[in-house]
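Comments concern the structure below.
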Amino acid sequence: MVIIIVLLLVYFFLPTLYFKFKYFINRSKKGNVIYLTFDDGPSVYTEKLLNLLKKYQVKASFFCVGQFALKYPEIIEEMKNDGHLIGLHSLSHKNYLLMRSNKTKQDFFESLIIMHNLGVKVNYFRPPWGHLSWWGWMFIIKYQLKPIFWHVMASDWKDISVSQIKENLLKKIRGGDIICLHDGRGTNEAPARTIEALEEVIPLLKKKGYVFERVDFFEK
Ligand SMILES: [Zn+2]
2 MVIIIVLLLV YFFLPTLYFK FKYFINRSKK GNVIYLTFDD GPSVYTEKLL
52 NLLKKYQVKA SFFCVGQFAL KYPEIIEEMK NDGHLIGLHS LSHKNYLLMR
102 SNKTKQDFFE SLIIMHNLGV KVNYFRPPWG HLSWWGWMFI IKYQLKPIFW
152 HVMASDWKDI SVSQIKENLL KKIRGGDIIC LHDGRGTNEA PARTIEALEE
202 VIPLLKKKGY VFERVDFFEK
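Positions in the sequence shown are counted from 1; adding 1 to them yields the working numbering.
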């Protein structure tokens with residue numbers, strides 16, 4: 002019984018744990034550089050976020066859900082024009098841990114075609130729900146993608162206040178951190194609060210001397 006439980010844990014969680022551990026020991030050496038990343042979009046909120054990033058001349062990375070990208074092609078175009086990095090966050094945000102190999106393959110294949118048709122060459126991937134299965138790992142290798150996890154999460158997808166998101170960010174962020182936020186999905190119009198928090202947080206972080214870069218800068 003114990004062996005079965007251990008095997009199940011290894012099967013379900015080992016790839017995820019491996020990459021999360023790797024991220025924590027392998028932080029960027031660039032002391033004052035931080036990396037804003039946004040998951041689960043594009044959505045009706047993304048345009049406002051893009052305007053905010055433009056206002057403060059901040060480059061960020063967007064991990065888009067394939068089906069949402071298909072729905073908002075003009076937002077993808079704007080991300081490209083503004084010089085942001087566009088990565089993939091699955092086809093429809095289903096959890097890979099619960100997906101068989103052929104479904105996982107289809108998920109990668111269909112979403113990469115959508116992004117290709119939108120003129121996006123995808124190099125970076127963030128697994129939905131932050132869970133990477135063995136199959137997911139296999140297709141990341143097959144399609145030559147790099148998995149990107151994070152160091153800081155602000156719980157911004159939950160129904161929490163703007164000041165709580167702001168506090169979470171300012172308390173947790175250190176130089177070299179990849180920060181995971183959300184411009185789509187979430188509870189009770191969560192992305193609107195994320196953007197409102199960033200309106201205050203970005204200038205404060207800039208004042209502290211932080212510099213914002215895309216995640217492809219992380220490995221340079
Ligand atoms: Zn997500």
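Here a beta-carbon is modelled for each residue, glycine too, at the ideal position from N, C-alpha and C.
Annotation for H183: the continuous beta strand (DSSP E) segment containing it runs 179-183. For S93, the three-state secondary structure derived from DSSP is coil.
According to the DSSP assignment, F140 belongs to the alpha helix (DSSP H) that extends over 135-143. Look at which beta carbons fall closer than 6 Å to any heavy atom of ligand 1; those residues are D40, D41, H90, H94, P129. Cβ neighbours of F13 within its own chain (closer than 7 Å, five residues either side excluded): L98.
Judged by DSSP secondary structure, V34 falls within the beta strand (DSSP E) whose first and last residues are 34-40.
Looking only at G88, L182, K143, K209, the smallest Cα-Cα distance to H152 is reached by L182. A direct Cα-Cα distance of roughly 12 Å separates E78 from T47.
Distance from the Cα of G88 is smallest, within the candidate group N33, G177, L146, for L146. Here the alpha carbon of W136 sits roughly 6 Å from the alpha carbon of S102. Between L171 and the set S112, A70, L199, the nearest pair of CA atoms involves L199. Under the three-pair Cβ rule at 8 Å, the stretch 67-81 counts as touching the stretch 90-97. Pairing L10 with P129, the inter-Cα distance amounts to about 19 Å.
Counting only residues of its own chain and dropping the five nearest sequence neighbours on each side, I141 has a CB closer than 7 Å to the CB of F126, P148. For S164, the enclosing alpha helix (DSSP H) stretches over residues 163-173. The Cβ neighbour count for I180, taken over all protein chains shown within 10 Å, is at least 16; the residue is labelled buried. By the Cβ-count criterion, H117 is exposed, with fewer than 16 other Cβ atoms from all chains shown falling within 10 Å of its own Cβ.
The beta carbons of L86 and S112 sit no closer together than 8 Å.
Only residues of its own chain outside the window of five on either side were considered, and among them Y46, K49, L50, L53 have a CB closer than 7 Å to the CB of I196, listed in chain order.
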